[in-house]
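>
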Amino acid sequence: MKKLLLLLLCTTTLGLVSCKKETLIDTGLPNQTIETVINQSQWTSVENGTRLTVTVNFPEIDAATFRNDGLLVYFYPNNSVDEYKQLPYVFDAQTYSYTARPGSITFDIQTTGDAVLNPVRPTAPIGLRVVIVTSSLN
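At position 81 of the sequence shown the residue is numbered 81 (our numbering), and the sequence of numbers has no breaks.
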(Lines of atoms letter the chains of each structure in order from A and count residues from 1; the text may use other names and numbers.)
(Lines give C-alpha, C1' and ligand atoms only; values in the text may rest on other atoms or scores of the structure.)
Protein backbone atom coordinates (compact mmCIF):
# COMPACT_ATOMS: atom_id res chain seq x y z
CA MET A 1 0.00 0.00 0.00
CA LYS A 2 2.86 2.35 0.86
CA LYS A 3 4.55 1.60 -2.47
CA LEU A 4 1.36 2.39 -4.39
CA LEU A 5 0.89 5.65 -2.48
CA LEU A 6 4.54 6.62 -3.04
CA LEU A 7 4.29 5.80 -6.76
CA LEU A 8 1.10 7.87 -7.09
CA LEU A 9 2.69 10.79 -5.20
CA CYS A 10 5.82 10.71 -7.40
CA THR A 11 3.76 10.59 -10.60
CA THR A 12 1.59 13.51 -9.47
CA THR A 13 4.62 15.57 -8.44
CA LEU A 14 6.37 14.90 -11.74
CA GLY A 15 3.22 15.85 -13.67
CA LEU A 16 2.72 19.11 -11.78
CA VAL A 17 6.37 20.15 -12.03
CA SER A 18 6.42 19.69 -15.80
CA CYS A 19 3.53 22.19 -16.29
CA LYS A 20 4.63 25.79 -16.38
CA LYS A 21 3.10 28.95 -17.76
CA GLU A 22 5.05 30.71 -20.47
CA THR A 23 4.39 34.24 -21.60
CA LEU A 24 5.88 34.92 -24.99
CA ILE A 25 6.35 38.50 -26.11
CA ASP A 26 7.22 38.90 -29.76
CA THR A 27 8.71 42.34 -30.27
CA GLY A 28 8.73 41.65 -34.00
CA LEU A 29 4.96 42.26 -34.16
CA PRO A 30 4.53 46.02 -33.71
CA ASN A 31 1.14 47.64 -33.22
CA GLN A 32 0.13 50.48 -35.52
CA THR A 33 -1.80 53.61 -34.49
CA ILE A 34 -3.61 55.73 -37.07
CA GLU A 35 -5.23 59.06 -36.25
CA THR A 36 -7.55 61.09 -38.47
CA VAL A 37 -10.54 63.41 -38.20
CA ILE A 38 -14.17 62.95 -39.25
CA ASN A 39 -15.59 66.33 -40.27
CA GLN A 40 -19.20 67.11 -39.41
CA SER A 41 -20.04 67.43 -43.13
CA GLN A 42 -19.02 63.80 -43.79
CA TRP A 43 -21.93 62.30 -41.82
CA THR A 44 -24.82 61.05 -43.96
CA SER A 45 -28.36 60.59 -42.68
CA VAL A 46 -29.89 57.19 -43.58
CA GLU A 47 -32.94 55.09 -42.65
CA ASN A 48 -35.32 58.05 -42.55
CA GLY A 49 -32.90 60.07 -40.44
CA THR A 50 -32.70 57.52 -37.62
CA ARG A 51 -28.99 56.82 -38.21
CA LEU A 52 -25.98 58.93 -39.14
CA THR A 53 -23.19 57.08 -40.91
CA VAL A 54 -19.77 57.72 -42.41
CA THR A 55 -17.27 55.34 -44.01
CA VAL A 56 -13.56 56.08 -43.61
CA ASN A 57 -11.05 54.33 -45.87
CA PHE A 58 -8.25 52.47 -44.12
CA PRO A 59 -5.93 50.83 -46.66
CA GLU A 60 -3.90 49.59 -43.68
CA ILE A 61 -6.70 47.07 -42.99
CA ASP A 62 -5.89 44.66 -45.79
CA ALA A 63 -7.18 41.09 -46.00
CA ALA A 64 -4.37 39.67 -43.84
CA THR A 65 -4.77 42.38 -41.20
CA PHE A 66 -8.53 41.89 -41.15
CA ARG A 67 -8.18 38.12 -40.76
CA ASN A 68 -5.30 38.00 -38.24
CA ASP A 69 -5.13 41.20 -36.20
CA GLY A 70 -7.29 43.09 -33.73
CA LEU A 71 -8.71 46.61 -33.97
CA LEU A 72 -9.23 49.10 -31.17
CA VAL A 73 -11.29 52.12 -32.23
CA TYR A 74 -11.57 55.37 -30.28
CA PHE A 75 -13.34 58.72 -30.75
CA TYR A 76 -12.13 62.06 -29.44
CA PRO A 77 -15.61 63.58 -29.16
CA ASN A 78 -14.23 66.90 -27.92
CA ASN A 79 -10.87 67.75 -29.46
CA SER A 80 -10.19 70.39 -26.79
CA VAL A 81 -10.21 67.74 -24.03
CA ASP A 82 -7.41 65.19 -23.74
CA GLU A 83 -9.58 62.09 -23.56
CA TYR A 84 -10.88 59.50 -25.95
CA LYS A 85 -13.69 56.99 -25.73
CA GLN A 86 -13.47 53.43 -27.00
CA LEU A 87 -16.23 52.37 -29.37
CA PRO A 88 -18.92 51.24 -29.02
CA TYR A 89 -20.13 53.66 -26.38
CA VAL A 90 -23.25 55.57 -25.38
CA PHE A 91 -23.24 59.29 -24.63
CA ASP A 92 -26.12 61.72 -24.26
CA ALA A 93 -28.69 59.09 -25.39
CA GLN A 94 -26.77 58.33 -28.60
CA THR A 95 -24.96 55.12 -29.48
CA TYR A 96 -21.65 55.34 -31.33
CA SER A 97 -20.62 52.11 -33.04
CA TYR A 98 -18.53 50.84 -35.94
CA THR A 99 -18.30 48.03 -38.47
CA ALA A 100 -14.86 47.08 -39.78
CA ARG A 101 -14.29 45.63 -43.23
CA PRO A 102 -11.12 45.12 -45.24
CA GLY A 103 -10.11 48.59 -46.44
CA SER A 104 -12.60 50.65 -44.41
CA ILE A 105 -14.47 51.24 -41.17
CA THR A 106 -18.09 52.46 -41.12
CA PHE A 107 -19.18 54.53 -38.11
CA ASP A 108 -22.79 54.91 -37.00
CA ILE A 109 -24.61 57.21 -34.59
CA GLN A 110 -28.09 56.15 -33.46
CA THR A 111 -30.37 57.15 -30.62
CA THR A 112 -30.63 54.68 -27.78
CA GLY A 113 -34.34 55.14 -27.27
CA ASP A 114 -37.31 55.28 -29.59
CA ALA A 115 -36.56 54.45 -33.24
CA VAL A 116 -38.43 57.56 -34.38
CA LEU A 117 -35.90 59.85 -32.69
CA ASN A 118 -33.18 61.24 -34.91
CA PRO A 119 -29.55 61.42 -33.76
CA VAL A 120 -27.92 64.82 -33.54
CA ARG A 121 -25.31 65.51 -36.19
CA PRO A 122 -21.91 66.38 -34.67
CA THR A 123 -21.28 70.13 -34.70
CA ALA A 124 -17.48 69.85 -34.69
CA PRO A 125 -14.89 67.48 -36.15
CA ILE A 126 -14.47 64.22 -34.23
CA GLY A 127 -10.98 62.88 -33.72
CA LEU A 128 -10.52 59.21 -34.57
CA ARG A 129 -7.84 56.80 -33.39
CA VAL A 130 -7.53 53.26 -34.72
CA VAL A 131 -4.99 50.89 -33.20
CA ILE A 132 -4.15 47.77 -35.18
CA VAL A 133 -2.98 45.15 -32.69
CA THR A 134 -0.73 42.83 -34.63
CA SER A 135 -1.17 39.15 -33.94
CA SER A 136 -0.34 35.86 -35.53
CA LEU A 137 -3.21 33.50 -36.23
CA ASN A 138 -2.17 29.89 -35.80
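Even glycine gets a Cβ: it sits at the ideal position worked out from N, Cα and C.
Predicted model only: the values in this text are computed from it and were never measured.
By the DSSP assignment, the alpha helix (DSSP H) with Arg-67 in it spans what residues?
Note, Arg-67: alpha helix (DSSP H), 63 to 68.
> So Thr-164 and Phe-107 are supposed to be a Cβ contact under 8 Å. How far apart are they, rounded?
Residue 164 lies beyond the residue range present for the chain, which begins at 1 and ends at 138; the question has no answer from this structure.
> Should the region 58 to 66 be called in touch with the region 76 to 94, which here means at least 3 C-beta pairs below 8 Å?
In short, these stretches do not touch, since the Cβ pair count stays below three.
> Please give the ranges of any beta strand (DSSP E) in the region 94 to 125, keeping only runs that are unbroken, at least 3 residues long and fully inside the region.
Listed in chain order, they are 94 to 101, 104 to 111.
> Whole angstroms are fine: how far does the CA of Val-120 sit from the CA of Arg-67?
So the alpha carbons of these two residues sit roughly 34 Å apart.
> By the 10 Å Cβ neighbour count, where 16 or more other Cβ atoms means buried, how is Ile-34 classified, buried or exposed?
It counts as exposed.
> Could you check the C-alpha separation between Ile-109 and Asp-82 for me, to the nearest Å?
Between Ile-109 and Asp-82, the C-alpha separation is close to 22 Å.
> Go ahead and pull the three-state DSSP assignment for Ser-41.
In the structure shown, Ser-41 sits in a helix (DSSP, three-state: H, G or I).
> Count the other CB atoms, across all protein chains shown, that sit within 10 Å of the CB of Pro-156; report buried if there are 16 or more and exposed otherwise.
Past the edges of the chain, shown from 1 to 138, lies residue 156, and the structure says nothing about it.
> Could you tell me if Thr-36 is buried or exposed, where buried requires 16 or more neighbouring beta carbons within 10 angstroms of its beta carbon?
It is exposed - the Cβ of Thr-36 has fewer than 16 other Cβ atoms within 10 Å.
> Assuming Tyr-96 and Arg-129 form a contact by the criterion Cβ under 8 Å, report the distance between their Cβ atoms to the nearest whole angstrom.
Not confirmed; about 13 Å, so no contact.
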